Amino acid sequence: MSAPLFKFGLFGDEASLLVAFAIGIGFGFALERAGFGSAKKLTGQFYLTDMTVFKVMFTAIVTAGLGAFYLGWLGVLDLSLVYMTPTYLAPQIVGGLLLGIGFVVGGYCPGTSVVAMATGRIDGLVVVLGLFAGMFVFGEIFPAIEGFYHSTAFGAQSLPGVLHLPYGVVLFAVVLMAIGGFAGAEWVERWSARRTAEEAS
Amino acid sequence: MTTATDVARIEAPPAPRVVSKTRERSQAKPAAAFANPYLAGIGLGLVLLAAFVVMGRGLGASGAFSAFVAWTVDGVAPAHAEGNGFYQSYLAYGNPLKGWLVFEVLGMVVGGLVSGLLAGRVRPVVEKGPRIGTGSRLGLAFLGGLFMAAGAKLARGCTSGQALTGGALLNAGSWAFMLAVFAGAYGVAWFVRRQWR
Amino acid sequence: MSRFIPKTLKGKLALTAVALGFLALFGNPYRGETVTVATQDLAWNLQQADRLSAPELADRLISGRTDHRILDLRSAEAYAEYHVPGAESAPVSELADYPLYRNETVVLYGDDAVGTAQAWLLLQARGFHGAVLLDGGLGAWKQQVLFPALPEGSAPNAVARAKAVAEHFGGQARVGGAAVGDAPMEMPKVEAPAAVAPTARKPKRKEGC
Chain C
8 MSAPLFKFGL FGDEASLLVA FAIGIGFGFA LERAGFGSAK KLTGQFYLTD
58 MTVFKVMFTA IVTAGLGAFY LGWLGVLDLS LVYMTPTYLA PQIVGGLLLG
108 IGFVVGGYCP GTSVVAMATG RIDGLVVVLG LFAGMFVFGE IFPAIEGFYH
158 STAFGAQSLP GVLHLPYGVV LFAVVLMAIG GFAGAEWVER WSARRTAEEA
208 S
Chain E
292 MTTATDVARI EAPPAPRVVS KTRERSQAKP AAAFANPYLA GIGLGLVLLA
342 AFVVMGRGLG ASGAFSAFVA WTVDGVAPAH AEGNGFYQSY LAYGNPLKGW
392 LVFEVLGMVV GGLVSGLLAG RVRPVVEKGP RIGTGSRLGL AFLGGLFMAA
442 GAKLARGCTS GQALTGGALL NAGSWAFMLA VFAGAYGVAW FVRRQWR
Chain S
2 MSRFIPKTLK GKLALTAVAL GFLALFGNPY RGETVTVATQ DLAWNLQQAD
52 RLSAPELADR LISGRTDHRI LDLRSAEAYA EYHVPGAESA PVSELADYPL
102 YRNETVVLYG DDAVGTAQAW LLLQARGFHG AVLLDGGLGA WKQQVLFPAL
152 PEGSAPNAVA RAKAVAEHFG GQARVGGAAV GDAPMEMPKV EAPAAVAPTA
202 RKPKRKEGC
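Quick look at the structure:
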């Protein structure tokens, strides 16, 4: 078992910043390839016209999820060393709602706003500025909401742990759900295109 | 066997290309079609997997923004930053700009730009629908950023860190977050539809 | 059979994903976390239990090697009173999550041999195969490095060496006389703990997003 490489001491903190840069390049490249530098494409998801967000996100989840599973099973990757964000249920749900609202209002999520800005989108740049401003406001009001911020802490919880099911079972369920979702998404896209054509005629 | 339409096509001369010089230039490199979403998703998934294998962590974006804000506040008003738990969570470990996420986000700028250049998709533009003005669009963009900042910090991540990373690792809180994001977005979409359609 | 192989790329990808997902039903990705202790290996390891003698540790420190970490398993008060130069306070209760790299040499010492051995086993089980015991614990450090009592008639250069080593660490060597044993000795003044651990190893930056 020799991975995650960083946690086995293969390289230090300074080199990890270079790794971060390299991984970031791949991340930004993949996002732009998918068309996520465009607010119109991204928000199409929420008007059921363009389901690319769902397709890309869940394909990535399935790919990385299966990859991590198999590398762990083969003993190449020590999955227990991969950082799992602890669960803070209420703040995460409220945060998710806020992020979703901000996403459809602003047109980008934080990651895609960076990519949009890089490809010249002025609205992407403005979202970035809004993010900075929002973080500052959050920091300033933080003492007031600190209680809520730390509430409902459950530590790192995995779905298999919460559902008391083996990891592979949950993963298989996720794969099936994703494939089903993709079929559904394609159907929705076709339906939406038909509807737009009908409205136009 | 030539039909009537064939004859019509042969006889009618091709319409002269009366196109201004500037339009010709901007149309010189048509934007490439987007990649197949499933292939793009696999690529994204492999990048995420690489992060797992090399670093033992996933991707992220929002953390870089808050690191920068914490660094700025510390530079302008260090005493104020010291008393605030939020800023301290970034400042307690040394220079926040030397953080993994900051470098990752800088890489994202480069990667996004390279992909955009290769596809001819880089141009200064404001993405919006036909029924809204630029000013309103930019105003809403800023507002969206504000909401997302609050949401991302409460949830300890955004779609990159929580939904993608936590989703792949079957993190329970991340899946709850993901559902909430879609719920929030779908719920409000109708009200801002004029931005896009 | 070929009817079931999808023709489109999407179909092929979907089939691959479902097949891999199905296969996952029979696997377990957490090879590292739940510790399956192979009893044969363990018995072998116990015999080989990686040990470091006190003089060897002293040599390491004197020659300025930094490719190791020294963990003091005793309480924080005991640590504050005296600790081996360069040691970090790591009470056993914190050992389960203590941040360490997998391939570091980690020298463990405490007062109690059994406790130290248990801590060693804990780290080995967690996968830190670079963990070694200070043979004899702090007692051996006192007796063999700080306050060695060399027998009468020892070679002069051995005596000189022992004296030099002892003085390097603030102790004192002598020739003849009884071994130090458990007699309470005045331990060398140790630098304030603040000088040792916190700046030497910054707390790990959080890994969230």
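From first to last, the protein sequence lines stand for chains C, E and S. The first sequence begins at 8 in the working numbering and counts up one residue at a time. The second sequence begins at 292 in the working numbering and counts up one residue at a time. The third sequence begins at 2 in the working numbering and counts up one residue at a time. Quick reminder that beta carbons are idealized off the backbone N, C-alpha and C, glycines included. Source: prediction; values computed, not measured.
Task: Rounded C-alpha distance that separates E/Ala326 from C/Leu166 - done: In the second sequence, the residue the question calls residue 326 of chain E occupies position 35. In the first sequence, the residue the question calls residue 166 of chain C occupies position 159. Each residue's Cα considered, the two are about 31 Å apart.
TODO: Compare the C-alpha of E/Arg422 against each of E/Gln486, E/Phe482, E/Phe473 and name the closest.
DONE: Your numbering for residue 422 of chain E matches position 131 in the second sequence. The option with the nearest alpha carbon to E/Arg422 is E/Gln486.
Task: Under 9 Å by beta carbon: chain S residues contacting C/Val176 - done: Along the first sequence, one-based indexing puts residue 176 of chain C at 169. In chain order: Ala25, Leu26.
Open item on the list: In the DSSP assignment, the alpha helix (DSSP H) including S/His69 goes from what residue to what residue?
Closed with: Translated into the one-based positions of the third sequence, residue 69 of chain S becomes position 68. Element bounds for S/His69: not the alpha helix (DSSP H) but the beta strand (DSSP E), 69-73.
Task: Same chain, Cβ closer than 7 Å to S/Asp68, neighbours up to 5 away in sequence not counted - done: Sequence index remark: in the third sequence, residue 68 of chain S carries index 67 (1-based). Thr106, listed in sequence order.
Task: chain C contacts from the stretch 117-138 of chain S (Cβ-Cβ distance under 7 Å) - done: Going along the stretch 117-138 of chain S in chain order, one finds no residue with a Cβ nearer than 7 Å to chain C.
- [ ] Indicate the three-state DSSP secondary structure (helix, strand or coil) for S/Tyr31 in the structure shown.
- [x] What you label residue 31 of chain S is simply residue 30 of the third sequence in a count that begins at 1. Reduced to three states, the DSSP call for S/Tyr31 is coil.
- [ ] Under 8 Å between beta-carbons, which chain E residues line up against S/Lys11? List them in chain order, please.
- [x] Translated into positions along the third sequence, residue 11 of chain S becomes position 10. What S/Lys11 touches in chain E: Tyr329.
Open item on the list: Just verifying my parser: in three-state terms, what is the DSSP assignment at E/Gly475?
Closed with: Numbered from its first residue, the second sequence carries residue 475 of chain E at position 184. E/Gly475 falls in the helix class under three-state DSSP.
Open item on the list: Quick check: is the beta carbon of S/Thr200 nearer than 9 Å to any beta carbon in chain C?
Closed with: Your numbering for residue 200 of chain S matches position 199 in the third sequence. Confidence is the limiting factor: at S/Thr200 the pLDDT is only 35, short of 50, which leaves the residue's position unreliable, though a coordinate-based value still follows. Output row for S/Thr200: interface = no.
- [ ] State yes or no: is the C-beta of S/Val85 within less than 9 Å of the C-beta of S/Leu122?
- [x] Start at 1 with the first residue of the third sequence, and residue 85 of chain S comes out as number 84. Start at 1 with the first residue of the third sequence, and residue 122 of chain S comes out as number 121. No. Outside cutoff.
Task: Cβ of C/Pro173 within 9 Å of any chain D Cβ - done: Protein chains in the displayed structure are C, E and S, and chain D is not among them.
TODO: Check whether the Cβ atoms of C/Leu240 and E/Gly452 sit closer than 9 Å, and answer yes or no.
DONE: For chain C, the structure presents residues 8 to 208; residue 240 of chain C sits outside this window and is missing.
Open item on the list: On the CB-based measure, 16 or more other CB atoms within 10 Å of its CB, does S/Asn158 come out buried or exposed?
Closed with: Within the third sequence, the letter at position 157 stands for residue 158 of chain S. Exposed, since its Cβ has fewer than 16 Cβ neighbours within 10 Å.
Open item on the list: I'd like to know if E/Gly435 contacts chain C, where contact means its C-beta is closer than 9 Å to some C-beta of that chain.
Closed with: As a first step, residue 435 of chain E must be located in the second sequence, where it is residue number 144. For E/Gly435, the nearest beta carbon of chain C is closer than 9 Å to its own beta carbon.
TODO: Name the two residues that bound the continuous beta strand (DSSP E) containing S/Thr106.
DONE: Walking along the third sequence from the start, residue 106 of chain S turns up at place 105. First-last of the beta strand (DSSP E) with S/Thr106: 106-110.
Open item on the list: Under 8 Å, with one C-beta from each stretch per pair, do the stretch 136-152 of chain C and the stretch 465-478 of chain E reach the 3-pair mark?
Closed with: no
TODO: Mark S/Thr17 as exposed unless 16 or more other C-beta atoms lie within 10 angstroms of its C-beta, in which case mark it buried.
DONE: The count along the third sequence starts at 1 and reaches residue 17 of chain S at position 16. Classification for S/Thr17: exposed.
Open item on the list: Along the chain, where does the alpha helix (DSSP H) containing C/Leu24 start, and where does it finish?
Closed with: As a first step, residue 24 of chain C is located in the first sequence; it is residue number 17 there, counting from the start. Unbroken alpha helix (DSSP H) run through C/Leu24: 20-40.
Open item on the list: If the criterion is Cβ atoms closer than 9 Å, does the pair E/Ala432 and C/Gly137 meet it?
Closed with: Stepping through the second sequence from its first residue, residue 432 of chain E is reached at position 141. Stepping through the first sequence from its first residue, residue 137 of chain C is reached at position 130. Contact: yes.
- [ ] Would you tell me roughly how many angstroms separate the C-alpha atoms of E/Leu470 and C/Gly72, rounded to the nearest one?
- [x] On the second sequence, residue 470 of chain E is found 179 positions in, with the first residue counted as 1. On the first sequence, residue 72 of chain C is found 65 positions in, with the first residue counted as 1. Each residue's alpha carbon lies about 18 Å from the other.
Open item on the list: On the DSSP letters alone, give me the boundaries of the alpha helix (DSSP H) that C/Val121 sits inside.
Closed with: As a working mapping, residue 121 of chain C is identified with position 114 in the first sequence. First-last of the alpha helix (DSSP H) with C/Val121: 117-125.
- [ ] With DSSP collapsed to three states, give me the class of S/Gly172.
- [x] Within the third sequence, residue 172 of chain S is the residue found at index 171, counting from 1. Residue state, collapsed to three classes: coil.
TODO: Taking C/Ala75 as the query, report the chain S residues whose CB atoms sit under 9 Å from its CB, ordered along the chain.
DONE: Here residue 75 of chain C corresponds to residue number 68 of the first sequence, with the count starting at 1. What C/Ala75 touches in chain S: Pro30.
Open item on the list: Using a 10 Å radius around the Cβ and a threshold of 16 neighbouring Cβ atoms, would you call C/Phe110 buried or exposed?
Closed with: Within the first sequence, residue 110 of chain C is the residue found at index 103, counting from 1. Buried: at least 16 other Cβ atoms inside 10 Å.
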